[in-house]
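The number in our numbering is simply the position in the sequence shown, starting from 1, with 675 added.
Cβ coordinates follow ideal geometry from the N, Cα and C atoms, glycine included.
These numbers come from a predicted model, not from an experiment.
The block underneath contains the structure these notes are about, expressed in structure tokens.
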Amino acid sequence: MNIAVIGLQFGDEGKGKIVDYLAEDFDIIARYSGGSNAGHSVLHNGKKFKLHLIPSGVLRGKIGVLGNGMAIDFSVLDEEFSSLKEEGIEPRIKISSRAHVVTSFHKIMDEREDEIIGIGTTRRGIGPTYETKVKRVGIRVGDVFDDNVMLKRLKLATKLWGIYYEKEVEKEARAIKEQVRKFKEFIVDTEIWLNEAIRAGKNVLFEGSQAALLDVDFGTYPFVTSSNTISGGMLSGLGVPPRVIDKIVGVMKPYMTRVGAGPFPTEIFGDIAKELRDKGNEYGATTGRPRRIGWLDLPLLRYAALVGGVDEIALTKVDILEGMKKIPVAFEYDCNGKRKYPPLHIENCKPIYNELDGWESIEDDNLWNYVRMIEKEAGAKVRIVSYGASREDTKLIG
Ligand code: GDP
């Protein structure tokens, strides 16, 4: 059995916890997109781990794959790897020879470009790394071991960006070589390794990063990340055929958050937003930025569940809304007429809210009415309800 876990909102739905919860039954946890712009926080044996690149399944001794669809900053990987080792965890990882390497130049360009474009990226160099990949001047992990190839590509990339200085490029090439060489034993053609493992009967959990509404094609463009984060992204991001995926699990919260700029029709401000932000600890795992807060948006949820092909849902953080008398939920949009799904431009849509009764605890009927409402609207069964950060605070249904 191979399953995929994807975020159904704007990220930070608690995918890390759900992947960690499910990881037990899998041999391999494979990531297919993004880089250190993503961040999971996972509570493991009472300790909080923040992981940006390494799949959280390694905490349970599983093999973590960093797929070809990723943009890897080896300085971040090195830090993450060392901090896991300090905690007594020996990460078992496989790094794709075809993943693209983030260099200092990519990070510089991310900053410069974001100053102009104003999307509010995490400035980790991820966007520019996909930019050089598509421009065909990127450096793949496996290219680093050929000095000529790496130097040539770095020269081309920096020339295209107008930041070429020979000495700087040579220095960076040496630094990258040094960083990547430390991981040489983990670098393989993961598309071959993974497909062979699947054929041999190993179970794989495909771990999405960011979320459906940040997907470069299906998100709120241009306020999106630079890769395909929906379930479809794993096919090209790991080199596996569609038929290997048996089930897709979408992770969502009963409210919504968003980091950085971009449309957010159900956004709320003031005291309630602050209360939920603090109670839910809604501050970025990667940047520490306070997350924007809003009510559940069903047009966006229906869309994410549809294009993500979601079979089951994991509903997290139901404890954060506990004690609220009424919970507003946007059932439709008014954008010159009622809409069940979001139109291409959602900026001018006004959410039409209904209020649902709030719940006092996990046992409360009102929570289960809410769960049934989500199942009906998203067209998928809610199989997991999470009511706390630790693994024990999880209810499996059915
Ligand atoms: P991810 O990127 O989707 O994994 O999300 P983050 O790691 O950024 O955010 C999830 C945060 O919420 C983490 O700190 C988790 O420990 C925490 N968390 C996950 N599920 C729950 C839950 O059901 N209740 C509470 N209170 N916290 C949760």
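- Counted as a single uninterrupted DSSP element, the stretch harbouring V1004 is not any alpha helix (DSSP H) but the beta strand (DSSP E) occupying residues 1001 to 1009.
- For T778 against I838, the beta-carbon gap comes to about 11 angstroms, at or over 8 angstroms, which does not count as contact.
- Judged by their CB atoms, A948 and I968 are nearer to each other than the 8 angstroms cut-off.
- Counting C-beta atoms within 10 angstroms of its own C-beta, V809 has fewer than 16 neighbours from the protein chains shown and is therefore classed as exposed.
- Around the C-beta of P803, 16 or more other C-beta atoms lie within 10 Å, and the residue is accordingly described as buried.
- In this structure R798 is buried. Its beta-carbon is surrounded by 16 or more other beta-carbon atoms within 10 angstroms.
- Note on geometry: alpha-carbon atoms of L752 and T991 lie some 28 angstroms from one another.
- Exposure of S757 is indicated by the presence of fewer than 16 other C-beta atoms within 10 angstroms of its C-beta.
- By the neighbour-count criterion, in which a residue is buried when 16 or more other Cβ atoms sit within 10 angstroms of its Cβ, E841 is exposed.
- The Cβ neighbour count for M676, taken over all protein chains shown within 10 Å, is under 16; the residue is labelled exposed.
- Distance from the C-beta of D789 to the nearest heavy atom of ligand 1 is not below 7 angstroms.
- For P916, the number of other beta carbons within 10 angstroms of its own is below 16, and it is reported as exposed.
- By alpha-carbon distance to G925, the top candidate from E1067, F881, T900 is F881.
- The distance from the Cβ of I681 to that of I923 is about 7 angstroms, consistent with a contact at the 8 angstroms cut-off.
- Note that the C-beta distance between G686 and L889 is below 8 angstroms.
- Leaving aside the five residues that flank I873 on each side, the residues in its chain whose CB is nearer than 8 angstroms to its CB run, in chain order, N677, V879, V915, V919.
- Within 7 angstroms of the C-beta of N712 there is not a single heavy atom belonging to ligand 1.
- The continuous alpha helix (DSSP H) containing F749 extends over residues 749 to 761.
- Of all alpha-carbon atoms in K827, D1039, L826, G714, the one lying nearest the alpha-carbon of V993 is that of D1039.
- For I738, same chain residues with a beta-carbon under 6 angstroms away, outside a window of 5 residues either side, are I703, R767 in chain order.
- When only Cα atoms are considered, K760 and Q684 end up about 32 angstroms apart.
- Taking all protein chains shown into account, F939 has 16 or more neighbouring C-beta atoms within 10 Å of its C-beta and is therefore buried.
- Rounded to whole angstroms, the gap between the alpha carbons of I995 and N743 is 36 angstroms.
- E843 and S771 have their C-alpha atoms some 27 angstroms from each other.
- In the structure shown, L683 falls within a coil segment according to DSSP collapsed to helix, strand and coil.
- Nearest to S750 by C-alpha distance, out of G800, K722, A705, is G800.
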